[in-house]
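In the working numbering, the protein residues as written are 9 to 368.
Taking it in order: structure first as C-alpha coordinates, then the write-up.
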Amino acid sequence: MLGASNPRYPWQLPAEGTVADLGLGNGDTLVVRQGAAPPAAAEPPAAPPASGPVPGGAGGSGGLAGLYGMDEDEALARAIAASLEGEGGAGGSGATRALFPNAGRGGAATAVAPAGGAGSSQARPAARDAVAGTSVTDAPAGGPAPQSMAVAGGDGSCVVRRVIASDNSCLFNAVGYVMDRSRSRAAELRKVVASTVASDPVTFNDGFLGKDVEEYCRWIQDKDKWGGAIELFILAQHYRTEIAAFDIQTKRCDVYGQDKGYPDRCMLIYDGLHYDALAVAAFEGAPEELDVTLFRPDGREGAAIMGAAAKLVAATHEARQFTDTANFTLRCGVCQIGLKGQKEAAEHAQATGHCNFAEY
(Lines of atoms letter the chains of each structure in order from A and count residues from 1; the text may use other names and numbers.)
(Lines give C-alpha, C1' and ligand atoms only; values in the text may rest on other atoms or scores of the structure.)
Protein backbone atom coordinates (compact mmCIF):
# COMPACT_ATOMS: atom_id res chain seq x y z
CA MET A 1 0.00 0.00 0.00
CA LEU A 2 1.33 3.39 -0.97
CA GLY A 3 0.26 6.53 0.88
CA ALA A 4 -0.12 9.94 -0.70
CA SER A 5 2.07 11.53 1.96
CA ASN A 6 5.10 9.54 0.74
CA PRO A 7 4.09 7.19 -2.09
CA ARG A 8 7.69 6.19 -2.73
CA TYR A 9 7.76 3.79 0.20
CA PRO A 10 5.22 1.02 0.94
CA TRP A 11 3.40 1.03 4.26
CA GLN A 12 3.73 -2.02 6.45
CA LEU A 13 0.39 -3.27 7.82
CA PRO A 14 0.22 -6.31 10.12
CA ALA A 15 -1.84 -9.22 8.81
CA GLU A 16 -4.42 -8.68 11.55
CA GLY A 17 -4.53 -4.90 11.05
CA THR A 18 -7.23 -2.84 9.40
CA VAL A 19 -7.21 0.25 7.22
CA ALA A 20 -8.36 2.25 10.24
CA ASP A 21 -5.01 1.45 11.87
CA LEU A 22 -3.22 3.54 9.23
CA GLY A 23 -4.48 6.81 10.66
CA LEU A 24 -5.69 8.17 7.34
CA GLY A 25 -6.97 11.72 7.31
CA ASN A 26 -9.67 13.42 5.30
CA GLY A 27 -8.62 13.67 1.65
CA ASP A 28 -5.77 11.14 1.92
CA THR A 29 -5.23 8.78 -1.01
CA LEU A 30 -4.43 5.10 -0.57
CA VAL A 31 -3.13 2.94 -3.42
CA VAL A 32 -3.25 -0.82 -2.87
CA ARG A 33 -1.19 -3.11 -5.10
CA GLN A 34 -0.74 -6.84 -4.78
CA GLY A 35 2.84 -8.04 -4.52
CA ALA A 36 5.54 -9.37 -2.25
CA ALA A 37 6.27 -7.28 0.82
CA PRO A 38 9.71 -5.65 0.86
CA PRO A 39 12.20 -6.75 3.51
CA ALA A 40 12.94 -4.48 6.42
CA ALA A 41 15.30 -1.65 5.56
CA ALA A 42 18.88 -2.04 6.78
CA GLU A 43 20.23 0.38 9.34
CA PRO A 44 22.11 3.18 7.48
CA PRO A 45 25.86 3.42 8.10
CA ALA A 46 27.08 6.00 10.59
CA ALA A 47 28.53 9.25 9.26
CA PRO A 48 32.35 9.41 9.21
CA PRO A 49 34.35 11.74 11.45
CA ALA A 50 35.14 15.23 10.17
CA SER A 51 38.51 14.04 8.88
CA GLY A 52 39.86 10.70 7.85
CA PRO A 53 40.51 8.51 4.82
CA VAL A 54 38.13 8.56 1.92
CA PRO A 55 35.93 5.45 1.99
CA GLY A 56 36.73 3.05 -0.82
CA GLY A 57 34.64 2.76 -3.95
CA ALA A 58 31.99 0.11 -4.24
CA GLY A 59 32.12 -2.68 -6.74
CA GLY A 60 29.52 -3.69 -9.27
CA SER A 61 25.82 -3.59 -8.56
CA GLY A 62 23.61 -6.57 -7.90
CA GLY A 63 20.50 -7.73 -9.70
CA LEU A 64 16.79 -7.65 -8.99
CA ALA A 65 17.22 -9.35 -5.64
CA GLY A 66 18.19 -5.97 -4.25
CA LEU A 67 15.26 -4.09 -5.77
CA TYR A 68 13.70 -3.09 -2.47
CA GLY A 69 15.66 -0.51 -0.53
CA MET A 70 17.19 1.08 -3.64
CA ASP A 71 16.42 4.62 -4.64
CA GLU A 72 13.49 4.75 -7.03
CA ASP A 73 15.51 5.50 -10.16
CA GLU A 74 17.92 2.63 -9.69
CA ALA A 75 15.15 0.17 -8.85
CA LEU A 76 13.27 1.10 -11.99
CA ALA A 77 16.32 1.02 -14.20
CA ARG A 78 17.36 -2.42 -13.03
CA ALA A 79 13.86 -3.79 -13.41
CA ILE A 80 13.45 -2.60 -16.96
CA ALA A 81 17.02 -3.49 -17.88
CA ALA A 82 16.23 -7.07 -16.91
CA SER A 83 13.08 -7.05 -19.02
CA LEU A 84 14.96 -5.75 -22.06
CA GLU A 85 17.72 -8.36 -21.98
CA GLY A 86 16.08 -10.29 -24.78
CA GLU A 87 14.64 -7.42 -26.81
CA GLY A 88 16.05 -5.99 -29.96
CA GLY A 89 19.49 -7.47 -29.80
CA ALA A 90 21.96 -5.54 -27.73
CA GLY A 91 19.62 -3.31 -25.90
CA GLY A 92 16.00 -3.27 -26.96
CA SER A 93 14.63 -0.38 -28.95
CA GLY A 94 12.80 2.91 -28.78
CA ALA A 95 12.21 4.96 -25.67
CA THR A 96 12.77 2.16 -23.19
CA ARG A 97 16.18 1.36 -24.67
CA ALA A 98 17.16 5.00 -24.32
CA LEU A 99 15.86 5.16 -20.75
CA PHE A 100 17.76 2.06 -19.66
CA PRO A 101 21.00 2.08 -21.61
CA ASN A 102 22.73 -0.84 -19.91
CA ALA A 103 20.10 -3.38 -20.88
CA GLY A 104 21.62 -6.26 -22.78
CA ARG A 105 25.21 -5.16 -22.15
CA GLY A 106 25.98 -7.60 -19.38
CA GLY A 107 25.86 -5.01 -16.61
CA ALA A 108 23.23 -3.71 -14.27
CA ALA A 109 21.49 -0.52 -15.27
CA THR A 110 21.74 2.46 -13.00
CA ALA A 111 19.70 5.54 -12.24
CA VAL A 112 18.15 7.69 -14.93
CA ALA A 113 17.53 11.28 -13.88
CA PRO A 114 18.12 14.82 -15.07
CA ALA A 115 21.12 16.74 -13.86
CA GLY A 116 20.40 18.22 -10.51
CA GLY A 117 21.93 16.21 -7.73
CA ALA A 118 23.98 13.28 -6.68
CA GLY A 119 21.34 10.95 -7.96
CA SER A 120 21.41 12.50 -11.33
CA SER A 121 22.44 10.20 -14.09
CA GLN A 122 23.62 9.93 -17.61
CA ALA A 123 24.24 7.24 -20.16
CA ARG A 124 23.28 6.41 -23.70
CA PRO A 125 22.05 3.29 -25.46
CA ALA A 126 24.58 0.66 -26.44
CA ALA A 127 24.01 1.47 -30.09
CA ARG A 128 25.37 4.99 -29.67
CA ASP A 129 28.48 5.58 -31.76
CA ALA A 130 31.28 6.27 -29.31
CA VAL A 131 33.91 6.93 -31.99
CA ALA A 132 35.76 10.17 -31.30
CA GLY A 133 34.55 13.05 -33.40
CA THR A 134 31.15 11.57 -34.25
CA SER A 135 28.30 13.86 -33.28
CA VAL A 136 25.17 11.95 -34.28
CA THR A 137 22.98 10.78 -31.41
CA ASP A 138 20.13 8.30 -31.37
CA ALA A 139 17.74 9.81 -28.85
CA PRO A 140 14.08 8.81 -29.28
CA ALA A 141 12.01 10.64 -31.90
CA GLY A 142 15.08 12.53 -33.03
CA GLY A 143 15.86 13.84 -36.48
CA PRO A 144 19.18 14.88 -37.98
CA ALA A 145 21.14 17.00 -35.53
CA PRO A 146 23.85 19.50 -36.46
CA GLN A 147 27.40 18.51 -35.68
CA SER A 148 28.73 22.01 -35.25
CA MET A 149 27.80 25.68 -35.19
CA ALA A 150 29.92 28.51 -36.55
CA VAL A 151 31.30 31.04 -34.11
CA ALA A 152 30.39 34.58 -35.10
CA GLY A 153 33.40 36.58 -36.23
CA GLY A 154 34.27 35.11 -39.60
CA ASP A 155 37.48 33.21 -38.72
CA GLY A 156 35.95 29.83 -39.59
CA SER A 157 35.99 28.40 -36.08
CA CYS A 158 32.97 26.50 -34.80
CA VAL A 159 31.62 24.88 -31.65
CA VAL A 160 31.56 21.09 -32.06
CA ARG A 161 30.17 18.24 -29.99
CA ARG A 162 32.79 15.65 -29.03
CA VAL A 163 31.24 12.30 -28.20
CA ILE A 164 32.11 10.60 -24.92
CA ALA A 165 31.69 6.85 -24.45
CA SER A 166 28.48 5.56 -22.86
CA ASP A 167 30.09 3.75 -19.96
CA ASN A 168 28.19 5.24 -16.99
CA SER A 169 31.05 7.70 -16.45
CA CYS A 170 30.33 10.13 -19.28
CA LEU A 171 30.10 13.18 -17.01
CA PHE A 172 33.55 12.53 -15.57
CA ASN A 173 35.13 11.68 -18.91
CA ALA A 174 33.51 14.70 -20.56
CA VAL A 175 35.06 16.88 -17.87
CA GLY A 176 38.34 15.04 -18.38
CA TYR A 177 38.23 15.86 -22.09
CA VAL A 178 37.60 19.57 -21.72
CA MET A 179 40.03 19.99 -18.82
CA ASP A 180 42.80 17.51 -19.61
CA ARG A 181 42.01 16.38 -23.17
CA SER A 182 41.53 12.82 -21.92
CA ARG A 183 38.47 10.58 -22.18
CA SER A 184 39.70 8.25 -19.44
CA ARG A 185 39.84 10.34 -16.29
CA ALA A 186 36.68 9.01 -14.65
CA ALA A 187 38.26 6.90 -11.92
CA GLU A 188 40.59 9.70 -10.86
CA LEU A 189 37.87 12.36 -10.89
CA ARG A 190 35.52 10.16 -8.88
CA LYS A 191 38.23 9.98 -6.22
CA VAL A 192 38.64 13.76 -6.36
CA VAL A 193 34.93 14.20 -5.67
CA ALA A 194 34.92 11.65 -2.85
CA SER A 195 38.01 13.20 -1.25
CA THR A 196 36.51 16.69 -1.43
CA VAL A 197 33.29 15.54 0.22
CA ALA A 198 35.08 13.55 2.94
CA SER A 199 37.33 16.51 3.78
CA ASP A 200 34.46 18.96 4.24
CA PRO A 201 31.42 17.22 5.77
CA VAL A 202 30.09 20.57 6.98
CA THR A 203 29.55 21.90 3.47
CA PHE A 204 28.81 18.49 1.97
CA ASN A 205 26.46 17.26 4.65
CA ASP A 206 23.76 14.61 4.39
CA GLY A 207 21.15 17.15 3.37
CA PHE A 208 23.31 18.54 0.58
CA LEU A 209 24.26 15.10 -0.74
CA GLY A 210 20.95 13.34 -0.22
CA LYS A 211 22.98 10.51 1.31
CA ASP A 212 25.06 9.76 4.36
CA VAL A 213 28.56 11.17 3.71
CA GLU A 214 30.36 7.84 3.99
CA GLU A 215 27.73 6.16 1.83
CA TYR A 216 28.07 8.89 -0.81
CA CYS A 217 31.86 8.55 -0.92
CA ARG A 218 31.53 4.84 -1.64
CA TRP A 219 28.68 5.41 -4.08
CA ILE A 220 30.40 8.00 -6.26
CA GLN A 221 33.50 5.83 -6.65
CA ASP A 222 31.44 3.00 -8.12
CA LYS A 223 32.15 3.07 -11.86
CA ASP A 224 28.48 2.34 -12.62
CA LYS A 225 27.08 5.33 -10.72
CA TRP A 226 26.28 8.52 -12.56
CA GLY A 227 27.21 12.09 -11.72
CA GLY A 228 25.21 15.29 -11.88
CA ALA A 229 25.08 18.81 -10.51
CA ILE A 230 26.86 18.09 -7.22
CA GLU A 231 29.80 16.51 -9.00
CA LEU A 232 30.03 19.38 -11.51
CA PHE A 233 29.99 21.85 -8.62
CA ILE A 234 32.92 20.05 -6.98
CA LEU A 235 34.90 19.58 -10.20
CA ALA A 236 34.58 23.26 -11.08
CA GLN A 237 36.20 24.03 -7.73
CA HIS A 238 38.86 21.36 -8.25
CA TYR A 239 39.94 22.76 -11.62
CA ARG A 240 39.23 26.37 -10.66
CA THR A 241 37.38 26.66 -13.95
CA GLU A 242 33.77 27.46 -14.78
CA ILE A 243 31.81 24.54 -16.22
CA ALA A 244 28.92 25.57 -18.48
CA ALA A 245 26.47 22.66 -18.78
CA PHE A 246 23.89 23.00 -21.57
CA ASP A 247 20.64 21.02 -21.27
CA ILE A 248 19.20 20.18 -24.70
CA GLN A 249 15.63 19.62 -23.50
CA THR A 250 15.28 22.94 -21.69
CA LYS A 251 17.98 24.83 -23.66
CA ARG A 252 19.14 26.09 -20.27
CA CYS A 253 22.79 26.64 -19.42
CA ASP A 254 23.95 26.24 -15.81
CA VAL A 255 27.44 27.61 -15.12
CA TYR A 256 29.14 25.95 -12.14
CA GLY A 257 31.73 28.10 -10.37
CA GLN A 258 30.47 31.29 -12.00
CA ASP A 259 30.59 33.23 -8.73
CA LYS A 260 34.19 32.25 -7.93
CA GLY A 261 36.02 34.58 -10.30
CA TYR A 262 37.68 31.76 -12.24
CA PRO A 263 39.32 33.06 -15.44
CA ASP A 264 38.41 30.21 -17.80
CA ARG A 265 35.29 28.33 -18.86
CA CYS A 266 34.61 24.98 -20.51
CA MET A 267 31.36 23.56 -21.92
CA LEU A 268 29.39 20.30 -21.71
CA ILE A 269 26.13 19.27 -23.36
CA TYR A 270 23.49 17.03 -21.74
CA ASP A 271 20.63 15.25 -23.52
CA GLY A 272 18.71 13.98 -20.52
CA LEU A 273 20.76 10.81 -20.20
CA HIS A 274 24.26 11.55 -21.39
CA TYR A 275 26.99 14.17 -21.24
CA ASP A 276 29.24 15.01 -24.19
CA ALA A 277 31.98 17.62 -24.42
CA LEU A 278 31.81 20.84 -26.42
CA ALA A 279 34.93 22.29 -27.99
CA VAL A 280 35.91 25.08 -30.36
CA ALA A 281 37.31 23.61 -33.58
CA ALA A 282 39.61 25.67 -35.77
CA PHE A 283 37.40 24.92 -38.78
CA GLU A 284 34.63 22.54 -39.82
CA GLY A 285 36.01 19.00 -39.74
CA ALA A 286 39.22 19.98 -37.96
CA PRO A 287 40.96 17.16 -36.05
CA GLU A 288 40.49 16.99 -32.31
CA GLU A 289 44.16 17.80 -31.79
CA LEU A 290 43.30 21.38 -32.72
CA ASP A 291 40.37 21.67 -30.31
CA VAL A 292 40.22 24.56 -27.88
CA THR A 293 38.25 23.54 -24.80
CA LEU A 294 39.00 26.41 -22.40
CA PHE A 295 38.24 30.05 -23.12
CA ARG A 296 37.76 33.37 -21.36
CA PRO A 297 34.02 33.86 -20.89
CA ASP A 298 34.16 37.64 -20.77
CA GLY A 299 34.63 39.84 -23.79
CA ARG A 300 33.51 39.53 -27.40
CA GLU A 301 35.20 36.20 -28.13
CA GLY A 302 33.73 34.48 -25.08
CA ALA A 303 30.27 35.80 -25.89
CA ALA A 304 30.59 34.57 -29.48
CA ILE A 305 31.57 31.07 -28.34
CA MET A 306 28.71 30.88 -25.87
CA GLY A 307 26.34 32.17 -28.53
CA ALA A 308 27.42 29.48 -30.98
CA ALA A 309 27.03 26.82 -28.30
CA ALA A 310 23.53 28.07 -27.48
CA LYS A 311 22.59 27.93 -31.18
CA LEU A 312 23.93 24.38 -31.45
CA VAL A 313 21.88 23.36 -28.41
CA ALA A 314 18.76 25.03 -29.82
CA ALA A 315 19.17 23.28 -33.17
CA THR A 316 19.73 19.96 -31.41
CA HIS A 317 16.60 20.60 -29.36
CA GLU A 318 14.60 21.24 -32.53
CA ALA A 319 15.87 17.90 -33.87
CA ARG A 320 14.43 16.28 -30.70
CA GLN A 321 17.83 14.90 -29.74
CA PHE A 322 17.02 14.64 -26.05
CA THR A 323 15.28 12.20 -23.74
CA ASP A 324 12.40 13.38 -21.56
CA THR A 325 12.61 10.81 -18.77
CA ALA A 326 9.73 12.41 -16.85
CA ASN A 327 7.12 11.89 -19.57
CA PHE A 328 7.85 8.53 -21.20
CA THR A 329 4.80 6.29 -21.32
CA LEU A 330 5.41 2.69 -20.31
CA ARG A 331 3.13 -0.29 -19.85
CA CYS A 332 3.75 -3.07 -17.36
CA GLY A 333 3.89 -6.34 -19.25
CA VAL A 334 2.60 -8.25 -16.22
CA CYS A 335 -0.51 -6.34 -15.19
CA GLN A 336 -0.85 -4.06 -18.25
CA ILE A 337 -1.10 -0.90 -16.18
CA GLY A 338 -0.03 2.29 -17.97
CA LEU A 339 2.72 4.36 -16.36
CA LYS A 340 4.05 7.83 -17.11
CA GLY A 341 7.68 8.63 -16.54
CA GLN A 342 10.39 7.01 -14.49
CA LYS A 343 8.83 7.98 -11.15
CA GLU A 344 5.57 6.08 -11.67
CA ALA A 345 7.38 3.10 -13.15
CA ALA A 346 9.80 3.05 -10.21
CA GLU A 347 6.96 3.05 -7.71
CA HIS A 348 5.25 0.25 -9.61
CA ALA A 349 8.43 -1.83 -9.77
CA GLN A 350 9.09 -1.38 -6.06
CA ALA A 351 5.52 -2.11 -5.01
CA THR A 352 4.92 -5.16 -7.21
CA GLY A 353 8.30 -6.56 -8.17
CA HIS A 354 7.17 -6.52 -11.80
CA CYS A 355 10.10 -6.15 -14.18
CA ASN A 356 8.65 -6.33 -17.68
CA PHE A 357 7.95 -2.91 -19.18
CA ALA A 358 7.44 -1.67 -22.72
CA GLU A 359 6.89 1.66 -24.41
CA TYR A 360 3.42 2.43 -25.72
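For every residue, glycine included, the Cβ atom is placed at its ideal position computed from N, Cα and C.
- Under the three-state reduction of DSSP, Phe216 is assigned to helix.
- In this structure, the straight-line span from the alpha carbon of Glu250 to that of Ala160 is close to 22 Å.
- In the DSSP assignment, Phe254 falls within the unbroken beta strand (DSSP E) covering Glu250 to Asp255.
- Within the DSSP bridge table, the entry for Leu276 names Ala253 and Ala285 as partners.
- In the DSSP assignment, Leu347 falls within the unbroken beta strand (DSSP E) covering Gly346 to Lys348.
- Pairwise C-beta distances place the region 152-159 out of contact with the region 177-197, as fewer than three of them are shorter than 8 Å.
- Val263 and Gln344 have their C-alpha atoms roughly 43 Å apart.
- Per DSSP, the beta bridge partners of Ser156 are Val168.
- For Thr331, no beta strand (DSSP E) segment is defined, and its DSSP state is neither H nor E.
- If you draw a straight line from the Cα of Ala252 to the Cα of Arg260, it is about 10 Å long.
- Per DSSP, Arg339 is not a residue of any alpha helix (DSSP H); the beta strand (DSSP E) it occupies stretches across Thr337 to Cys340.
- Taking 8 Å as the cut-off, the Cβ atoms of Cys274 and Leu302 count as close.
- In the DSSP assignment, Cys261 is bridged to Phe254.
- Secondary structure note for Gln266: it is in no alpha helix (DSSP H), with a DSSP letter that is neither H nor E.
- Cβ atoms of Leu217 and Val205 come within 8 Å of each other, at about 7 Å.
- Using a C-beta cut-off of 8 Å, the region 219-227 makes no contact with the region 165-182, since fewer than three inter-stretch Cβ pairs fall below that distance.
- Around the beta carbon of Gly236, 16 or more other beta carbons sit within 10 angstroms, so the residue counts as buried.
- In terms of Cβ geometry, Gly349 and Ala334 form a close pair [threshold 8 Å].
- Put simply, of Arg328, Arg248, Val168 and Asp214 the residue whose alpha carbon is nearest the alpha carbon of Thr258 is Arg328.
- Between Tyr270 and Arg304, the gap from beta carbon to beta carbon reaches 8 Å or more.
- Rounded to whole angstroms, the separation of the alpha carbons of Lys351 and Val342 is 18 Å.
- Bounds of the alpha helix (DSSP H) holding Ser203 are Ala194 to Ser207.
- In this structure, the straight-line span from the alpha carbon of Pro209 to that of Phe254 is close to 29 Å.
- With 16 or more other Cβ atoms inside 10 Å of its own Cβ, Pro154 counts as buried.
- For Lys231, the closest C-alpha among the options Gln266, Ser192, Gln245 and Ala322 is that of Ser192.
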